[in-house]
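Colleague: Under the numbering used here, residues 32 to 236 are what the sequence shown spells out, in order. Where is the CB? At the ideal position from N, CA and C, for every residue including glycine. What you are looking at is a predicted structure, and each value in this text was computed from that prediction instead of being measured. The structure's right below; bear with me while I get my questions together.
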Amino acid sequence: MVEERENIEEIVNKLDEGEMTIKEAKKILKEKGLSSEPKSLTGQVAGLISYIAYIIFCFPLTIILSSQLKVIIFPMPVIYISLILVAIGTFFALWVTYSHRKKGGLKGSDETIIFYRDGLYSVMRHPGVFGFIIWFICLPIILSSYVPFTYLTVTGIVLIVISHYYMVCVEEKINVVNWVDEYIQYMKEVPRFNFILGFWNLRKK
């Protein structure tokens, strides 16, 4: 693990000194197995399938079969709350994008080679994914006046949530390799998604 950490530090130094381009850095990270992006075609295909399944279950399929299924009707307060949650989820995703570009070392939102834990990362380990999950859960509720919300919709939501949970678990294993004890300690101090516990931990500090 020490060797992997030295490799990361070497790449960061070369990027800072202009001896390596971002494209070259990403290629080296992938070759050394230090990339946090999906490492296999299987993982990428599985992720794509979960998105397709979500869209099909939540929209065309539930519309086609809505006459045969129990439709769940949400009161307006729930829809308004969902709109607020989507706004929060959007903020989380945009913050992560901006933060990665500014502090991640690769000047991109998809991957970072510099470990930092300020801002939203001091509350939960995956604020960007949390924001997307909020979107996937709340969007069908917001659109339920136009697209029936059925148990098929629930199935689509469950599939996409499980897919994202699996992806963050894989990402954390890679992060442990990249940042070793520093990230292990971070995992002990900051919850994966439980923002209530995250704020409570900050309050204690």
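Between C169 and the ligand ADP, is the CB less than 7 Å from at least one heavy atom?
Modeller: You won't find the ligand ADP in this model; it holds no ligand whatsoever.
Colleague: Out of F180, F146, G162, S194, point me to the one whose CA is closest to M218's CA.
Modeller: For the purposes of this step, residue 218 is identified with residue 187 of the sequence shown, where counting begins at 1. Nearest of F180, F146, G162, S194 to M218, Cα basis: F146.
Colleague: Whose C-alpha, out of Y196, E213, K101, is nearest the C-alpha of F224?
Modeller: Counted from its first residue, the sequence shown places residue 224 at position 193. Of the candidates Y196, E213, K101, the one whose C-alpha sits nearest the C-alpha of F224 is Y196.
Colleague: What are the partner residues of I103, as DSSP defines its beta bridges?
Modeller: Taking the first residue of the sequence shown as 1, we reach residue 103 at position 72. Beta-bridge pairing links I103 to F180.
Colleague: Contact check, I173 vs S113 under 8 Å by CB: the rounded distance?
Modeller: Stepping through the sequence shown from its first residue, residue 173 is reached at position 142. Stepping through the sequence shown from its first residue, residue 113 is reached at position 82. Correct: roughly 5 Å between the Cβ atoms.
Colleague: Can you tell which of E203, L190, K58 has its C-alpha closest to the C-alpha of F167?
Modeller: Here residue 167 corresponds to residue number 136 of the sequence shown, with the count starting at 1. Ranking the options by Cα distance to F167, first place goes to L190.
Colleague: Pairing CB atoms from the stretch 176-188 with CB atoms from the stretch 88-95, are three or more of them under 8 Å?
Modeller: With a cut-off of 8 Å, the stretch 88-95 and the stretch 176-188 count as touching, because enough Cβ pairs lie within range.
Colleague: Just how far apart, CA to CA, sit S194 and V102?
Modeller: The residue you call residue 194 lines up with position 163 of the sequence shown. The residue you call residue 102 lines up with position 71 of the sequence shown. Each residue's alpha carbon lies about 25 Å from the other.
Colleague: Count the other CB atoms within 10 Å of the CB of T143; is the residue buried (16 or more) or exposed (fewer)?
Modeller: Counted from its first residue, the sequence shown places residue 143 at position 112. By the 10 Å Cβ count, T143 comes out buried.
Colleague: Applying the 10 Å Cβ sphere with the 16-neighbour rule, what's the burial state of P158?
Modeller: Along the sequence shown, one-based indexing puts residue 158 at 127. P158 is buried by the Cβ-count criterion.
Colleague: Using the three-state DSSP reduction, which class does Y147 fall into: helix, strand or coil?
Modeller: Here residue 147 corresponds to residue number 116 of the sequence shown, with the count starting at 1. Residue state, collapsed to three classes: coil.
Colleague: Tell me which residues share the same chain as E220 and place their Cβ nearer than 7 Å to its Cβ, disregarding the 5 neighbours each side in the sequence.
Modeller: Translated into the one-based positions of the sequence shown, residue 220 becomes position 189. Excluding residues within five positions, the ones whose Cβ falls inside 7 Å are N232.
Colleague: For S130, tell me which candidate among Y152, A118, I110 has the shortest Cα-Cα distance.
Modeller: Here residue 130 refers to the residue found at position 99 when the sequence shown is read from its first residue. Residue Y152 is the option with its Cα nearest to S130.
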